[in-house]
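Participant: Taken in sequence, the protein lines are chains A and B.
Here the working numbering is used: the first residue of the first sequence is 1, the next is one more, and so on.
Here the working numbering is used: the first residue of the second sequence is 665, the next is one more, and so on.
Idealized CB from N, CA, C, for every residue including glycine.
Got a structure for you, questions after.
Protein chains: 2
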Amino acid sequence: MSDAGRDSVPPAPTLRHADPDNTMRILLATDNHIGYLERDPIRGQDSINTFKEILQLAVKHDVDFILLAGDLFHENRPSRDCLYQVTGLLRQYTMGDKPIQVELLSDPNEGKAASYDFPAINYEDPNLNVAIPVFSIHGNHDDPQGAGPEGALCALDVLSASGLINYMGKFDLPLSEADAQTAGIAIRPVLLRKGTTHLGLYGVGNVKDQRMHFELRSNRVRMYMPRNRDEWFNILLLHQNRVRHGAQESVPEGMFDDSVDLVVWGHEHDCRIVPEPVAGKPYYITQPGSSIATSLADGESIEKHVALLQIQDKEFEMKPIPLRTVRPFVLEEVVLSEAAEEEDFELNDQIAVSKFLKSRVNALIDQANKLWDDRNARAVEDGDEPLPPMLPLVRLKVDTTGVSEMSNPIRFGQEFQGRIANPRDVLVFHRAKRTTRSSKVTIDQPELSIDDPELSITEKLSKVRMQTLVKEYLAAQELQLLGEGGMSDAIQMFVEKDDSHAIQTHVTTALKALMKGVQANGEVDEGDLDNVLVKVREQHETEYAERSRTGKTAKGKGKGKARDEDSDNASVDSMMMEVDGGGSDVDFDNDEDLDVPPPTKKTAPKRATTTKAPAKKAPVKGRGKKAVESEEEEVIDLESIEDEDEDEPAPKSTKRTNRAAVLR
Amino acid sequence: MSDAGRDSVPPAPTLRHADPDNTMRILLATDNHIGYLERDPIRGQDSINTFKEILQLAVKHDVDFILLAGDLFHENRPSRDCLYQVTGLLRQYTMGDKPIQVELLSDPNEGKAASYDFPAINYEDPNLNVAIPVFSIHGNHDDPQGAGPEGALCALDVLSASGLINYMGKFDLPLSEADAQTAGIAIRPVLLRKGTTHLGLYGVGNVKDQRMHFELRSNRVRMYMPRNRDEWFNILLLHQNRVRHGAQESVPEGMFDDSVDLVVWGHEHDCRIVPEPVAGKPYYITQPGSSIATSLADGESIEKHVALLQIQDKEFEMKPIPLRTVRPFVLEEVVLSEAAEEEDFELNDQIAVSKFLKSRVNALIDQANKLWDDRNARAVEDGDEPLPPMLPLVRLKVDTTGVSEMSNPIRFGQEFQGRIANPRDVLVFHRAKRTTRSSKVTIDQPELSIDDPELSITEKLSKVRMQTLVKEYLAAQELQLLGEGGMSDAIQMFVEKDDSHAIQTHVTTALKALMKGVQANGEVDEGDLDNVLVKVREQHETEYAERSRTGKTAKGKGKGKARDEDSDNASVDSMMMEVDGGGSDVDFDNDEDLDVPPPTKKTAPKRATTTKAPAKKAPVKGRGKKAVESEEEEVIDLESIEDEDEDEPAPKSTKRTNRAAVLR
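In structure tokens, the structure reads:
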């Protein structure tokens, strides 16, 4: 990205003196994964309980708004229970008479639902009495899917339609083939002011890491910023892999624009909420981490926090707040062969081994319960109510290298029924070599991988059966006419995103393509039809292969198509570039050719509504909202710091492939 | 039901002179079936378009509120698109500054969500600026399902949590075994006042017809009414079969209490919205009918209407309003053998037959288009905008009795691509005898039956495969230990209600029961275990059979359990009595023994909140809402007109069966 903006190093993240009238108070949290294990008799309500705690903290700390960085929901299609509970909690804790003190300076209709009149920002709606606005981007779990009349939608869209959440960073709806090729990523900020403090919120919902990486490298990420951008405190929210998982499967920390002051990094579950400076960059990164452990991996055992983020002018301060409702979780790794020596027992004496493992688990339970007691004691000191104890999560990783046979871990766990929350999977066995792989899986999205060690037998079973079902279903169709190319992707969509129409959509589109092909071959009699079909189908296949390399794809079906096979990564995106694998390390010298304006469609509504905005606001009729004069409320016009000549029409690039890009 | 209340015949349904200040204006509609065929490229948006029209009519006719009688949603778990669109439309058209002129006299917290503080009636929430409240009961399509932390939930609960709908008539959450036995149906009204007019809304969400029938006959339907009930205009909303489908598979028109003035009958799709008197009863029945055709049956071809219902004191008037966005639909039945004689062609000359059928379909298309033009013309006369024409729905039922072979109806339909909205199923063939059955099916819920002639091949396929999937899944479990009894029900829940947990719930509960049984048999060694299990399992089976006859069942799993096999009827209920079939025509002489108070739990919250209610209302802070003095706002206390001694404790009836009831 460009080096426009100042190169001065930002001040250390503390506020010298916080002046209430000029200090924004923000509750920062992310990856709440509501609905995780919701059917579990013990842990079923963990995610919702902690989300409730977070909302209560927002009220207690009298924040101006709540900021979330994705994966509010664990399932792409949250259960009715989840949606109901989240709706109820948001209505209960974020609506009310508390006056809103942050003035919205950007267009309240930027990103609003096309079909409806209400604004995108809930507290700009005179019919809603909002006390604490919630701003969020989507994550890889709750990203937009489908191609209905309103385009791809996610669970946040529903909450946004009911006025309970302000959904940001949904930049990525391919509206047409042309769009899909040229869109890049355009980030239009939510601009807020409190007293002298000006805050720009730049949200980028999750996209596939490879694509994000590519867009950043090829200057196609356009942040639209006020001209006096350096007088603003700029927060960039994103939800991507930060830990490296092979070529381009993560986003480098140093790749963001120098105008950014703070990057809020969602998706990674380890709590690294205390801001960390980035070498050679003027911004800090805060990684709040998830508010619930969705895998029993090391990172998840770090104590979970949210934070009170205070911003005054260009200074900020982050006060971590430990979460009290999170289940205590401790894990340990033992290497049996070593243990056997130290404690002197026979590796193949199962009774002895099991006796040893039980002693370890008991030790871990005590340790976990102590964690809980200490945390509780601290809170009580600070004047909070004590909480009743929770069963802890305990995980013992056993390196069984050299051991011929191990006893059944599930039976082993039964012994701890009623003392731990996860008796079924307290033990995991592995051999030395497997360690790296399995830990990689858990860092990523374990819930979505069938090989996932964390999955219960039944979960795996049902997933497998789902795929069987889909394959059967497809078998029943005229499959010999269809390319297999997009099929496995579609199947994955069906299984992972619970998108029951992914298949149908793919089949329909593929068939349409075939029909067109057949027609192109003019009149054919029944006899020749088969040959024609085969011919067309091959052609179709080649095109698919091409497309999934260039990322070029059509509306809707693209969601199912242009993703790779890595079932660990649930992030789906319709325009990604396959830059890894098969000698595809592309030469990007002529990036500029790729740097094209966003669809003018995007800018049009903004202009249109600029004048309308105040009108929308007029009816607020002194309900104690927004302590600001309305003449200050005209919408700020933005400039792209990436691309000056953005009003040029898009080049008519009909079919661009990596090869083409290199050759030109 | 009792004959308490007056026996005078009500006035003819016209208002002599409507005094605006004392006249309630209500938009009456039902069975919007939003989401029906939502994936259909032509008809996909029909249901939502018409729902939008209905909301616009409510605004245009300046109504005090909207009244719906169930099946707002077609799918029990509406797609994200549906939920999003309905949420958006409700927010857009029902929120706003129009002052609410109907005062709520009943407890605003009656039926509120237990976990949250906001009231059950959205316009009592000071944080929402409601212009047109929407009141609705659930239907058989969108009825409560599941047994999550909040109990059974339906789509209306989600809309209610977001404050967009006032969900009434959810009386039926079995809280315990005892409950399930003794609950009956308790109807607590929403009581409204406008000037001198007092209106009681008595909502009864859909329950299985057999159960409703039984509850009515055995005096277990308790309407809680103000003491001066005769000064109120009382509306009963229900969603049941009105057309008879065999013993107790419908609800007789004459079975309701004489205090009722108007019955609003949902579920039946034929428009019979003009109020009809009931022989020997003082009340009228209005059957608005669906706002979309969900089957191509005769009843659905009647022009669709909603109505403006005006009520002043004890008088009312119903003004039907034709719906303009409904697709014109005509159907015709031809008997080929007769046609062959009249038009003199050979029954087995396929070309001639097909030529004849095409001429008939063409005639129907003209007829349908004329319908549309006339409707449009009428509207334009009344000063409305003309609408662009829609492709019509056309159905030709062909009696093929005596014809050996017919050509493929789908290929036949292709000829009409672009001229009708349903080319794929314009023709249905049947033989004389099948007529009655198939028409029964279509009157009922065709979408849920796999035999349903209206289902597309793919739809059937997927349903069948779903069931296969479930069976496979179960096969993988320790099935030999489980009773088959509840299984098929659970499977049906899975398929029809998209309740992916029905199976799991059933299995878990059944297994729990088994464990208990085994423990009851004290210490057993591995050897005997099998015998014990067999024994227990048989016992378990008998109990299940018993339960499904008596309707006694446990929380949650009941939803899956106590329903019969009739896949035509989607109405699910946990407490129904199987009074039909197998010599079970029970003697109800001692009904009184069955007439027991509702769980005291139900009355408790009411008391508790009576005093709280005004407090909740205080913060309304003159936003022009509710033009009424708050001292009038104390909650009216109700009496059950069914049951005077309702404060008696519930009789400790441990396990009541029909037999027991008869013997005593």
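Report the residue ranges of all beta strand (DSSP E) runs contained in full by the stretch 978–1020 of chain B; include only those spanning at least 3 residues, in chain order.
Facilitator: 979–986 and 993–999
Participant: Helix, strand or coil, according to DSSP, for residue 838 of chain B in the structure here?
Facilitator: For the purposes of this step, residue 838 of chain B is taken as residue 174 along the second sequence, with counting starting at 1. With a pLDDT of only 49 at residue 838 of chain B, under the threshold of 50, the placement of this residue in the model should not be trusted, and no figure is reported.
Participant: Quick one: what's got a C-beta closer than 6 angstroms to residue 193 of chain A's C-beta in the same chain, skipping five residues either side?
Facilitator: One-based indexing of the first sequence puts residue 193 of chain A at position 193. So the list reads 103 and 105, once near-sequence residues are dropped.
Participant: By how many angstroms is the C-alpha of residue 140 of chain A removed from the C-alpha of residue 54 of chain A?
Facilitator: Within the first sequence, numbered from 1, the residue matching residue 54 of chain A stands at position 54. Within the first sequence, numbered from 1, the residue matching residue 140 of chain A stands at position 140. Taking the straight line joining both Cα atoms gives about 21 angstroms.
Participant: Rounded to whole angstroms, how far is the Cβ of residue 253 of chain A from the Cβ of residue 242 of chain A, which I believe are closer than 8 angstroms?
Facilitator: Here the question's residue 253 of chain A lines up with position 253 in the first sequence. Here the question's residue 242 of chain A lines up with position 242 in the first sequence. That belief holds up - the Cβ atoms of residue 253 of chain A and residue 242 of chain A are roughly 7 angstroms apart, short of 8 angstroms.
Participant: Going by DSSP in three states, residue 24 of chain A sits in which element: helix, strand or coil?
Facilitator: Along the first sequence, read from residue 1 onward, the residue named residue 24 of chain A stands at position 24. Reduced to three states, the DSSP call for residue 24 of chain A is strand.
Participant: So what does DSSP say about residue 440 of chain A, is it helix, strand or coil?
Facilitator: The sequence position of residue 440 of chain A within the first sequence is 440, counting from 1. Low local confidence applies: a pLDDT of 37 at residue 440 of chain A is under 50, so the model's placement there is unreliable, with the coordinate-based value given in what follows. Three-state result, residue 440 of chain A: helix.
Participant: From what residue to what residue does the alpha helix (DSSP H) around residue 816 of chain B run?
Facilitator: As a working note, residue 816 of chain B is residue 152 in the second sequence. Unbroken run through residue 816 of chain B is the beta strand (DSSP E), 815–817; no alpha helix (DSSP H).
Participant: List the endpoints of the continuous alpha helix (DSSP H) containing residue 757 of chain B.
Facilitator: Counting from 1 along the second sequence, the entry for residue 757 of chain B is found at position 93. 744–758 is the span of the alpha helix (DSSP H), which, as asked, contains residue 757 of chain B.
Participant: With a cut-off of 8 angstroms on the beta carbons, I'd call residue 1091 of chain B and residue 1060 of chain B a contact; round off their distance for me.
Facilitator: As a position in the second sequence, residue 1091 of chain B is number 427, starting the count at 1. As a position in the second sequence, residue 1060 of chain B is number 396, starting the count at 1. That belief holds up - the Cβ atoms of residue 1091 of chain B and residue 1060 of chain B are roughly 5 angstroms apart, short of 8 angstroms.
Participant: Might you give, ordered along the chain, the residues of its own chain that have their beta carbon closer than 7 angstroms to the beta carbon of residue 721 of chain B, omitting 5 neighbours on each side?
Facilitator: Residue mapping note: residue 721 of chain B aligns to position 57 of the second sequence, counting from 1. 691, 970 and 985, listed in sequence order.
Participant: Could you pull out every residue in the same chain whose Cβ sits closer than 7 angstroms to the Cβ of residue 350 of chain A, ignoring the five residues on either side in sequence?
Facilitator: The residue you call residue 350 of chain A lines up with position 350 of the first sequence. 407.
Participant: Given 8 angstroms as the limit, is there contact between the stretch 397–406 of chain A and the stretch 370–387 of chain A, that is, 3 or more CB pairs closer than that?
Facilitator: no
Participant: Does DSSP put residue 571 of chain A in a helix, in a strand, or in coil?
Facilitator: By one-based count along the first sequence, residue 571 of chain A stands at place 571. Annotation note: pLDDT 28 at residue 571 of chain A (below 50); position unreliable, coordinate value reported separately. Three-state result, residue 571 of chain A: coil.
Participant: Residue range of the beta strand (DSSP E) that residue 307 of chain A falls in?
Facilitator: By 1-based counting over the first sequence, the position of residue 307 of chain A is 307. Residue 307 of chain A -> beta strand (DSSP E) spans 305–312.
Participant: When you compare the stretch 150–157 of chain A with the stretch 72–85 of chain A, are there three or more beta-carbon pairs, one atom per stretch, that lie closer than 8 angstroms?
Facilitator: yes
Participant: Alpha carbon to alpha carbon, what distance is there between residue 122 of chain A and residue 600 of chain A?
Facilitator: In the first sequence, residue 600 of chain A corresponds to position 600, counting from 1. In the first sequence, residue 122 of chain A corresponds to position 122, counting from 1. In this predicted model, residue 600 of chain A has a pLDDT of only 32, less than 50, meaning its place in the structure is not dependable; the value taken from the coordinates is given anyway. Straight-line Cα distance between these residues: approximately 26 angstroms.
Participant: Can you tell me which of the three DSSP states residue 196 of chain A falls into?
Facilitator: Along the first sequence, one-based indexing puts residue 196 of chain A at 196. Three-state result, residue 196 of chain A: coil.
Participant: Just tell me which of A:334, A:15, A:210 and A:190 has its CA closest to the CA of residue 111 of chain A.
Facilitator: Within the first sequence, the letter at position 111 stands for residue 111 of chain A. Looking at the Cα atoms, A:190 is the closest of the given residues.
Participant: Taking the alpha-carbon of residue 231 of chain A as reference, which of A:108, A:198 and A:367 has the nearest alpha-carbon?
Facilitator: If you number the first sequence from 1, residue 231 of chain A lands on position 231. Looking at the Cα atoms, A:198 is the closest of the given residues.
Participant: Less than 8 angstroms separating the beta-carbons of residue 878 of chain B and residue 900 of chain B?
Facilitator: Within the second sequence, numbered from 1, the residue matching residue 878 of chain B stands at position 214. Within the second sequence, numbered from 1, the residue matching residue 900 of chain B stands at position 236. No, the Cβ-Cβ distance between residue 878 of chain B and residue 900 of chain B is not below 8 angstroms.
Participant: Only counting runs of 3 or more residues, tell me where the beta strand (DSSP E) segments fall wholly within the stretch 33–72 of chain A, in order along the chain.
Facilitator: 65–68
Participant: Please classify residue 1058 of chain B as buried or exposed, where buried requires at least 16 other C-beta atoms within 10 Å of its C-beta.
Facilitator: Translated into positions along the second sequence, residue 1058 of chain B becomes position 394. Residue 1058 of chain B is buried by the Cβ-count criterion.
Participant: Since residue 129 of chain A meets chain B, which of its residues come closer than 8 angstroms, beta carbon to beta carbon?
Facilitator: One-based indexing of the first sequence puts residue 129 of chain A at position 129. Near residue 129 of chain A (Cβ distances below 8 angstroms), the residues of chain B are 790, 791, 792 and 793.
Participant: Which complete alpha helix (DSSP H) runs does the stretch 205–234 of chain A hold, if anything under 4 residues is left out?
Facilitator: 209–217
Participant: Alpha carbon to alpha carbon, how far is residue 273 of chain A from residue 66 of chain A?
Facilitator: For the purposes of this step, residue 273 of chain A is taken as the residue at position 273 of the first sequence. For the purposes of this step, residue 66 of chain A is taken as the residue at position 66 of the first sequence. Here the alpha carbons of residue 66 of chain A and residue 273 of chain A stand approximately 15 angstroms from one another.
Participant: Would you call the stretch 997–1009 of chain B in contact with the stretch 701–709 of chain B, where contact means no fewer than 3 C-beta pairs closer than 8 angstroms?
Facilitator: no
Participant: Is there a C-beta anywhere in chain A that falls below 8 angstroms from the one on residue 787 of chain B?
Facilitator: Along the second sequence, one-based indexing puts residue 787 of chain B at 123. So no, residue 787 of chain B is outside the interface.
Participant: Does any residue of chain B bring its CB to less than 8 angstroms from the CB of residue 294 of chain A?
Facilitator: The residue given as residue 294 of chain A occupies position 294 in the first sequence. No, residue 294 of chain A lies away from the interface with chain B (no Cβ there is under 8 angstroms from its Cβ).
Participant: What are the partner residues of residue 429 of chain A, as DSSP defines its beta bridges?
Facilitator: Taking the first residue of the first sequence as position 1, residue 429 of chain A is located at position 429. Bridge partners of residue 429 of chain A: A:398.
Participant: Less than 8 angstroms between the beta carbons of residue 136 of chain A and residue 168 of chain A, yes or no?
Facilitator: Taking the first sequence and counting its residues from 1, the one referred to as residue 136 of chain A is at position 136. Taking the first sequence and counting its residues from 1, the one referred to as residue 168 of chain A is at position 168. Yes; because the gap between Cβ atoms is below 8 angstroms, this pair is in contact.
Participant: Mind pulling the beta strand (DSSP E) runs of 3 or more residues that sit fully within the stretch 919–954 of chain B?
Facilitator: Whole beta strand (DSSP E) segments, 3+ residues: 926–930, 936–941 and 948–951.
Participant: Are there 16 or more other CB atoms within 10 angstroms of the CB of residue 404 of chain A, so buried, or fewer, so exposed?
Facilitator: Within the first sequence, numbered from 1, the residue matching residue 404 of chain A stands at position 404. Classification for residue 404 of chain A: exposed.
Participant: I'd like to check one pair, residue 301 of chain A with residue 269 of chain A: are the Cβ atoms closer than 8 angstroms?
Facilitator: The residue given as residue 269 of chain A occupies position 269 in the first sequence. The residue given as residue 301 of chain A occupies position 301 in the first sequence. No, these two residues do not count as a Cβ contact at 8 angstroms.
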